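A.B. asks: Chains as they are written, first to last, in my numbering: chain A, 1 to 165; chain B, 1001 to 1152.
Glycine included, every Cβ here is placed at the ideal spot set by N, Cα and C.
Being a predicted model, the structure only gives us computed values, none of them experimental.
Got a structure for you, questions after.
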């Protein structure tokens, strides 16, 4: 009788242990975000080659008074990638005027003195906004009229895109 | 009688889950990156870089119940503002590590129970969205996501 009782008690203990099969564990991760103000880009000045003569290439450098300029505002001190869509020709009706040899320069203030040179292209150029959230970008290039280049007013579009990174 | 008792004890012990094999680990944060004021930004649970990710390990043919504790706001690290965050019905995906495992999309706002039939371990990816106000204070924001697993 005693043996039977002891066995029953032991069985009850083991059965209660076997019934507690559930176990809980927890783990954490973090959700993060970095809120920036929206970026604005303004075409502030046209790249103007002025009068160009057949057969005579003409370059406008970034420091010239008629270089192109984009003005940007955005998140203070934030990094930004700049990419460009550049024409191969300026056009006047059916006539093309080749353009190339692009040059660029960036600065946190509206002056080309001490600006950082780069080559505008479809590939990203890294830059950064100033502590005041400003960035200026100048663009120059070279037009190469042919010897029989038709007279006329030639135009084209330079597009710059900025992306925070 | 004694040998009978020992045999019964051994049988009961081997029926219990192997506790050391069961675990849950957070392995990647949910990172929204740069978010523009006034622009809602989402991260898909399938994003291989930005989605949150947990690793769960248990025992083949056993069950795991998973339950998220999800924030409704991220707090600005510098203080003074909160960024609303939400999780949709398809913002969680579970997938076993076996080549034959198929991803299972589920609602992270609800408790979900999985039976591990193809592998003893699996990953859970988590997406979501933040909704910054037009005048949201700029800066870094963060919040904690907890995954609780109950192993059966």
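Taking residue 1072/B as the query, report the chain A residues whose CB atoms sit under 8 Å from its CB, ordered along the chain.
C.D. replies: Simply none; closest approach about 11 Å.
A.B. asks: Check each candidate in 1057/B, 1079/B, 1050/B, 1118/B and name the one with the smallest Cα separation from residue 1091/B.
C.D. replies: Here the closest residue by C-alpha is 1050/B.
A.B. asks: Consider the Cβ of residue 34/A: report whether some Cβ of chain B lies at a distance smaller than 7 Å.
C.D. replies: Interface residue, yes.
A.B. asks: I'd like to know whether the C-beta of residue 1049/B is nearer than 7 Å to at least one C-beta of chain A.
C.D. replies: Residue 1049/B does not count as touching chain A.
A.B. asks: Report, in whole angstroms, the separation of the C-beta atoms of residue 87/A and residue 157/A, which I expect to be a contact under 8 Å.
C.D. replies: Residue 87/A to residue 157/A, Cβ: 6 Å. Contact.
A.B. asks: Indicate whether residue 1028/B and residue 1053/B have their beta-carbon atoms separated by less than 7 Å.
C.D. replies: For residue 1028/B and residue 1053/B, yes; Cβs fall inside 7 Å.
A.B. asks: Given that a residue counts as buried once 16 or more other Cβ atoms are within 10 Å of its Cβ, and exposed if not, what is residue 165/A?
C.D. replies: By the neighbour-count rule (16 or more Cβ atoms within 10 Å), residue 165/A is not buried but exposed.
A.B. asks: Roughly how many angstroms lie between the CA atoms of residue 66/A and residue 162/A, to the nearest whole one?
C.D. replies: Cα to Cα, residue 66/A sits roughly 23 Å from residue 162/A.
A.B. asks: Please tell me whether residue 1031/B has its Cβ less than 7 Å away from any Cβ of chain A.
C.D. replies: Yes, because at least one Cβ of chain A sits closer than 7 Å to the Cβ of residue 1031/B.
A.B. asks: Specify, as a first and last residue, the run of the beta strand (DSSP E) that residue 165/A falls within.
C.D. replies: Segment: none, residue 165/A is in no beta strand (DSSP E) and carries neither H nor E.
A.B. asks: Near residue 153/A, what residues of its chain come up, given a Cβ to Cβ distance below 8 Å and the 5 sequence neighbours on each side ignored?
C.D. replies: These residues qualify, in order along the chain: 92.
A.B. asks: For residue 155/A, tell me which candidate among 80/A, 61/A, 52/A, 56/A has the shortest Cα-Cα distance.
C.D. replies: Nearest of 80/A, 61/A, 52/A, 56/A to residue 155/A, Cα basis: 52/A.
A.B. asks: I believe residue 1151/B touches residue 1093/B by the beta-carbon criterion, under 8 Å. Please report the beta-carbon distance rounded to the nearest angstrom.
C.D. replies: Contact flag wrong, Cβ pair sits at about 20 Å.
A.B. asks: If you drop the 5 nearest sequence neighbours on each side, which residues of the same chain put their C-beta closer than 8 Å to that of residue 36/A?
C.D. replies: Taken in chain order, the residues that qualify are 74, 75, 78, 164.
A.B. asks: Which of the three DSSP states is assigned to residue 146/A in this structure?
C.D. replies: It is coil, neither helix nor strand.
A.B. asks: Give me the Cα-Cα distance between residue 120/A and residue 129/A, rounded to the nearest whole angstrom.
C.D. replies: Near 18 Å, if we compare the C-alpha coordinates of residue 129/A and residue 120/A.
A.B. asks: Using DSSP bridges, identify the partner residues of residue 1130/B.
C.D. replies: Partner(s): 1041/B, 1085/B.
A.B. asks: Could you name the residues of the same chain whose beta carbon sits closer than 8 Å to that of residue 1119/B, not counting the 5 residues immediately before and after it, in chain order?
C.D. replies: If we look at residue 1119/B and ignore the five residues flanking it on each side, its Cβ neighbours are 1060, 1096, 1097, 1098, 1101.
A.B. asks: Considering Cα atoms alone, identify which of 1057/B, 1131/B, 1070/B is closest to residue 1116/B.
C.D. replies: The shortest C-alpha separation from residue 1116/B is found at 1057/B.
A.B. asks: Would you give the residue range spanned by the beta strand (DSSP E) that residue 1046/B belongs to?
C.D. replies: That residue, residue 1046/B, is in no beta strand (DSSP E); it is neither H nor E in DSSP.
A.B. asks: Counting only C-beta atoms, is residue 77/A closer than 7 Å to chain B at any point?
C.D. replies: No, no contact with chain B.
A.B. asks: Give me the Cα-Cα distance between residue 1140/B and residue 38/A, rounded to the nearest whole angstrom.
C.D. replies: The alpha-carbon atoms of residue 1140/B and residue 38/A are separated by roughly 15 Å.
A.B. asks: Using three-state DSSP, classify residue 141/A as helix, strand or coil.
C.D. replies: Strand at residue 141/A.
A.B. asks: Say whether chain A places a C-beta atom closer than 7 Å to the C-beta of residue 1114/B.
C.D. replies: It does not; no Cβ of chain A falls within 7 Å.
A.B. asks: For residue 1136/B, would you say it is in contact with chain A, using Cβ-to-Cβ distances shorter than 7 Å as the test?
C.D. replies: So yes, residue 1136/B belongs to the interface.
A.B. asks: Starting from residue 108/A, trace the beta strand (DSSP E) in both directions and tell me its first and last residue.
C.D. replies: Here residue 108/A belongs to no beta strand (DSSP E), and DSSP marks it neither H nor E.
A.B. asks: Answer yes if the segment 143–150 of chain A comes into contact with the segment 102–117 of chain A, meaning at least three C-beta pairs across the two stretches below 8 Å, and no otherwise.
C.D. replies: No, because fewer than three Cβ pairs between the segment 102–117 of chain A and the segment 143–150 of chain A fall closer than 8 Å, the two stretches do not touch.
A.B. asks: What residues in its chain sit with their C-beta under 6 Å from that of residue 1031/B, if we drop five residues either side in the sequence?
C.D. replies: If we look at residue 1031/B and ignore the five residues flanking it on each side, its Cβ neighbours are 1050.
A.B. asks: Leaving out the 5 sequence neighbours to the left and right, which residues in its chain are closer than 6 Å to residue 1172/B when beta-carbon positions are compared?
C.D. replies: Missing from the structure shown is residue 1172/B; chain B here goes from 1001 to 1152 and no further.
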